[in-house]
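In what follows, a single structure is set out as structure tokens and then discussed.
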Amino acid sequence: GAVVSQHPSWVICKSGTSVKIECRSLDFQATTMFWYRQFPKQSLMLMATSNEGSKATYEQGVEKDKFLINHASLTLSTLTVTSAHPEDSSFYICSARAPLAGRIPDTQYFGPGTRLTVL
Amino acid sequence: QQPVQSPQAVILREGEDAVINCSSSKALYSVHWYRQKHGEAPVFLMILLKGGEQKGHEKISASFNEKKQQSSLYLTASQLSYSGTYFCGTEGMGNDMRFGAGTRLTVKP
Numbered sequence: 025g026a027v028v029s030q031h032p033s034w035v036i037c038k039s040g041t042s043v044k045i046e047c048r049s050l051d052f053q054a055t056t057m058f059w060y061r062q063f064p065k066q067s068l069m070l071m072a073t074s075n076e077g078s079k080a081t082y083e084q085g086v087e088k089d090k091f092l093i094n095h096a097s098l099t100l101s102t103l104t105v106t107s108a109h110p111e112d113s114s115f116y117i118c119s120a121r122a123p124l125a126g127r128i129p130d131t132q133y134f135g136p137g138t139r140l141t142v143l
Numbered sequence: 871q872q873p874v875q876s877p878q879a880v881i882l883r884e885g886e887d888a889v890i891n892c893s894s895s896k897a898l899y900s901v902h903w904y905r906q907k908h909g910e911a912p913v914f915l916m917i918l919l920k921g922g923e924q925k926g927h928e929k930i931s932a933s934f935n936e937k938k939q940q941s942s943l944y945l946t947a948s949q950l951s952y953s954g955t956y957f958c959g960t961e962g963m964g965n966d967m968r969f970g971a972g973t974r975l976t977v978k979p
């Protein structure tokens with residue numbers, strides 16, 4: 025399947041600092057990437073849809089000024105958690121749609137996730 | 871708008887079968903099944919695009935009833951490696967996917 029990477033794999037930071045998470049599609053170009061958050065033993069909750077070259081679309085209840093998303097190229101989207109607090113601690117996972125040519129159409133491939141711990 | 875999965879959890883002995891159901895309150899364009907191991911990202915299993923479609927890989931198969939807005943995942947002769955949490959993801963006509971709450975499957979020797 026398509027390969028999506030995330031960096032870093034985990035991060036521990038102090039309350040009030042900002043953290044940037046990168047999501048890259050390694051062997052294909054992704055016009056659309058998605059950011060999810062997953063709390064322990066819970067499902068994946070869509071935070072926002074990131075479209076290359078345009079503003080992200082945020083789900084209801086997700087603060088766009090707190091979770092900044094930039095999709096500057098067809099292979100890279102970044103999520104910045106600004107002024108992080110302990111309640112932001114979670115597993116953040118990105119995914120990207122693979123293009124039609126030569127791949128299973130219309131599905132998402134997930135990155136390995138980033139575990140954020142805010143002290 | 872999240873699909874509803876059932877059961878929430880199931881425990882099997884190696885070699886036993888299981889069925890996981892996923893249903894939606896809205897019209898579906900596609901259903902996707904994923905398996906997630908603890909501490910890892912979800913791994914794609916299969917996608918069903920057409921009503922009435924059935925698909926399988928080795929001893930894991932799935933069906934999609936478009937009219938009933940339901941899908942089922944069938945695990946036959948389960949193996950230890952099947953343990954994990956299974957999620958269905960559903961898409962309507964929009965470009966986003968909603969995930970069910972997950973079904974935790976434990977296969978014991």
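Protein chains in written order, with my numbering: chain A, 25 to 143; chain Z, 871 to 979.
Virtual Cβ for every residue (Gly too), placed ideally from N, Cα, C.
For residue i, does the three-state DSSP call read helix, strand or coil?
i: Ser942 of chain Z; result: strand
i: Tyr133 of chain A; result: strand
i: Ser951 of chain Z; result: helix
i: Glu961 of chain Z; result: strand
i: Glu884 of chain Z; result: coil
i: Glu111 of chain A; result: helix
i: Met967 of chain Z; result: coil
i: Phe52 of chain A; result: coil
i: Tyr899 of chain Z; result: coil
i: Ser894 of chain Z; result: coil
i: Val27 of chain A; result: coil
i: Lys937 of chain Z; result: coil
i: Ala96 of chain A; result: strand
i: Lys38 of chain A; result: coil
i: Ala120 of chain A; result: strand
i: Glu87 of chain A; result: coil
i: Ser78 of chain A; result: coil
i: Leu46 of chain A; result: A small correction: the amino acid at residue 46 of chain A is Glu; Leu does not occupy that position in the sequence shown. Residue state, collapsed to three classes: strand.
i: Leu919 of chain Z; result: coil
Quick check: is the beta carbon of residue i nearer than 8 Å to any beta carbon in chain A?
i: Phe914 of chain Z; result: yes
i: Ile930 of chain Z; result: no
i: Met967 of chain Z; result: yes
i: Cys910 of chain Z; result: Strictly speaking, residue 910 of chain Z in this sequence is Glu, with Cys absent from that position. For Glu910 of chain Z, the answer is yes, since a Cβ of chain A falls inside 8 Å of its Cβ.
Taking Cβ positions only, does residue i come closer than 8 Å to chain Z?
i: Leu68 of chain A; result: yes
i: Ile36 of chain A; result: no
i: Ile93 of chain A; result: no
i: Ile117 of chain A; result: yes
So which residues of chain Z does residue i contact, with C-beta pairs closer than 7 Å?
i: Gly135 of chain A; result: Ala911
Can you pull the chain A residues whose beta carbon is under 8 Å from the beta carbon of residue i, in chain order?
i: His902 of chain Z; result: Thr131 and Gln132
Per DSSP, what are the beta-bridge partners of residue i in this structure?
i: Met69 of chain A; result: A:Arg61
i: His927 of chain Z; result: Z:Ile930
i: Lys978 of chain Z; result: Z:Arg883
i: Leu140 of chain A; result: A:Val35 and A:Ser114
i: Cys875 of chain Z; result: At residue 875 of chain Z the sequence reads Gln, which differs from the Cys that was named. Paired residue(s): Z:Cys892.
i: Thr106 of chain A; result: Partner(s): none; Thr106 of chain A has no beta bridge.
Identify the contact partners of residue i in chain A, using a Cβ-Cβ distance below 7 Å as the criterion.
i: Gly970 of chain Z; result: Ser67
Under 9 Å between beta-carbons, which chain A residues line up against residue i? List them in chain order, please.
i: Phe957 of chain Z; result: Ser67 and Leu68
Check whether the stretch 880–894 of chain Z and the stretch 911–920 of chain Z touch, using three or more Cβ-Cβ pairs below 8 Å as the test.
no
At least three beta-carbon pairs within less than 8 Å, the stretch 49–62 of chain A to the stretch 113–120 of chain A:
yes
With a cut-off of 8 Å, do at least 3 Cβ pairs link the stretch 906–914 of chain Z to the stretch 93–113 of chain A?
no
Is there contact between the stretch 92–110 of chain A and the stretch 885–892 of chain Z, where contact requires at least three CB pairs shorter than 8 Å?
By the criterion of at least three beta-carbon pairs nearer than 8 Å, the stretch 92–110 of chain A is not in contact with the stretch 885–892 of chain Z.
I'd like to know if the stretch 132–142 of chain A and the stretch 75–90 of chain A are in contact, where contact means that at least 3 CB-CB pairs between them fall below 8 Å.
no
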